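For the protein sequence lines, the chains are A and B, in the order given.
Under our numbering, think of the first position of the first sequence as -5, with each following residue one higher.
Under our numbering, think of the first position of the second sequence as 19, with each following residue one higher.
Beta carbons: idealized from backbone N, C-alpha and C, even for Gly.
Bear in mind the structure is a predicted one, so any value in this text is a computation, not a measurement.
What follows is a short report on a single structure.
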Amino acid sequence: MTPALQTQEKTVDHQYTFFHRQERGLSEWQDNSKRKYELESDSQSYFDWVAKGIAPSKPEYPWENYNPELAELAEEIKKSLYLIKIPDESDLNGPKPPDKETWEKGCKFLWRHAEKLLKFANKRLEKPIISATPKGGMRFYWNKPGYRMLITIHPVKNRVTYYGDNAKWKNWEERETTVDELDYKLISWFTLVL
Amino acid sequence: MSKWGTETIPAEDRVFRNINKRYAPDGVPTPDAFDDKDDEPSVCWEKHCPDPAECRKKMSRNPDVYNLFGVCALNVGQVRSIPLQEVIHKPSKKNRSHSIIKGEKTERVLLKLCEIANGPIVAVPTDNEVE
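Written out as structure tokens, the structure reads:
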């Protein structure tokens, strides 16, 4: 009698699901975007696969984790990396490129708030216009039919300042925070207007 | 030292602001366009420079790069209605119309300036534009 075929399944790091299918003599894993990869069964550890260069290593930035609801925002953030390489045009009414640290901190701040907004309020943050300021900081700008929001990531002292207003509730929010914080006022403002 | 004296700019007059094309992605200025590293964005007073295209040239420190800019107009009275903002005539050696918008540029101020800007008068030129 043929033994029942077995499939082992294991989720690692919330991103990758591993399968070992006895009948095929292969291991298979898929990431959250449903791309599948097959491997010989002699190495089943995710870390083995990373070491062999088969599986991607853990993403460097949180927005590199695939999340279909925030995919558009993630794409915009990834594209904004060019800002650190633009020429300094601060003498020409233009931008000064932020350093990489400012870019990282700013994007992490934006992403952190987008994730919490999705988790707590099930609201999807729309992609902003991402720009470099003449002082070497960054800005996120939303100019939408119902609301406006402008967030500045300053290049010094981890300062973040923002102002937003909206037509529907006729209210506004203006505050100062730091890049490492989770600003619940900002989240609740977006919850209201989105 | 400027050879021209400073004057008071009447509220009904307009000033022109050179907009770096990086700050007008769709031909419309974003709030960054009114920010400046010294919180004193330069503008051109219409009285001494009525042609916005001329202003575009005058305000470029390097004349070779003036095609980097578009120009939009701001009503002086509307700018002054924003708290802590003042439009001051500050002629330079070569430019009698040179003025500044003095005051801290918070996000609220930048959005307001963006709102009252009359949109680009001279379209933001493309990279291929031949002047």
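Going by beta carbon distance, what residues of the same chain come within less than 7 angstroms of residue i, once the five residues before and after it are set aside?
i: Ala126(A); result: Leu77, Ile80, Pro89, Lys90, Pro91, Pro92 and Met132
i: Lys111(B); result: Ser20
i: Lys130(B); result: Ile100
Going by C-alpha distance, which of the options is nearest residue i?
i: Val94(B); options: Ile118(B), Ala42(B) and Gly45(B); result: Ile118(B)
i: Lys120(B); options: Val97(B), Arg114(B), Pro109(B) and Ser110(B); result: Val97(B)
i: Ala161(A); options: Thr172(A), Tyr141(A), His148(A) and Ile147(A); result: Tyr141(A)
i: Tyr41(B); options: Glu63(A), Val150(A), Ile147(A) and Leu86(A); result: Leu86(A)
i: Glu120(A); options: Lys94(A), Ser84(A), Lys164(A) and Leu104(A); result: Leu104(A)
i: Glu72(B); options: Ala29(B), Asn36(B), Thr24(B) and Gly137(B); result: Asn36(B)
i: Ala68(A); options: Lys94(A), Glu83(A) and Glu98(A); result: Glu98(A)
i: Leu188(A); options: Tyr55(A), Thr146(A), Lys138(A) and Asn59(A); result: Lys138(A)
i: Ala29(B); options: Val105(B), Val46(B) and Arg74(B); result: Val105(B)
i: Trp163(A); options: Trp183(A), His148(A) and Lys151(A); result: Trp183(A)
i: Thr54(A); options: Lys72(A), Lys129(A), Ala65(A) and Thr185(A); result: Looking at the sequence itself, residue 54(A) is Glu, so the reference to Thr does not match. The candidate whose alpha carbon is nearest that of Glu54(A) is Lys72(A).
i: Asn165(A); options: Thr96(A), Ser84(A) and Lys179(A); result: Lys179(A)
i: Pro122(A); options: Phe134(A), Gly130(A), Pro128(A) and Lys129(A); result: Phe134(A)
i: Gln103(B); options: Trp22(B), Pro59(B), Thr24(B) and Asp31(B); result: Pro59(B)
With DSSP as the reference, label residue i as helix, strand or coil.
i: Cys62(B); result: strand
i: Val105(B); result: strand
i: Glu167(A); result: strand
i: Asn85(B); result: helix
i: Gly95(B); result: helix
i: Trp136(A); result: strand
i: Val127(B); result: helix
i: Glu133(B); result: helix
i: Ile119(B); result: strand
i: Val187(A); result: helix
i: Leu181(A); result: It is worth fixing the name first, because residue 181(A) is Ile in this sequence and not Leu. Of the three classes helix, strand and coil, the one that applies to Ile181(A) here is helix, per DSSP.
i: Arg74(B); result: helix
i: Lys111(B); result: coil
i: Ile100(B); result: coil
i: Ile80(A); result: coil
i: Leu144(A); result: strand
With residue i and residue j assumed to form a contact (beta carbons below 8 angstroms), what rounded beta-carbon distance in angstroms separates them?
i: Leu176(A); j: Lys117(A); result: No, Leu176(A) and Lys117(A) are not in contact; Cβ-Cβ is about 15 angstroms, not under 8 angstroms.
i: Leu92(B); j: Ala51(B); result: Not quite, the Cβ-Cβ distance comes to about 11 angstroms (not below 8 angstroms), so this is no contact.
i: Glu122(B); j: Asp57(B); result: 6 angstroms
i: Val33(B); j: Gly137(B); result: Not a contact, Cβ separation roughly 15 angstroms.
If I measure Cβ to Cβ from residue i and keep anything under 8 angstroms in the same chain, skipping five residues before and after, which residues do I get?
i: Ile181(A); result: His107, Lys110, Leu111, Phe114 and Ala115
Tell me which same chain residues have a C-beta within less than 6 angstroms of the C-beta of residue i, skipping the five on either side of it?
i: Ser115(B); result: Cys62, Trp63, His66 and Cys67
i: Glu170(A); result: Thr155
i: Ser74(A); result: Ile124
i: Leu64(A); result: Ala108
Kindly list, in the order they appear in chain D, the residues whose Cβ is closer than 7 angstroms to that of residue i.
i: Thr127(A); result: The question asks about chain D, but that chain is absent: this structure's protein chains are A and B.
- Task: Note down, one range per segment and in chain order, each beta strand (DSSP E) of at least 3 residues found wholly within the segment 82 to 134 of chain A.
- Result: 123 to 126
- Write down every uninterrupted run of the beta strand (DSSP E) in the segment 23 to 52 of chain B whose length is 3 residues or greater and which is fully enclosed by it, in chain order. 32 to 38
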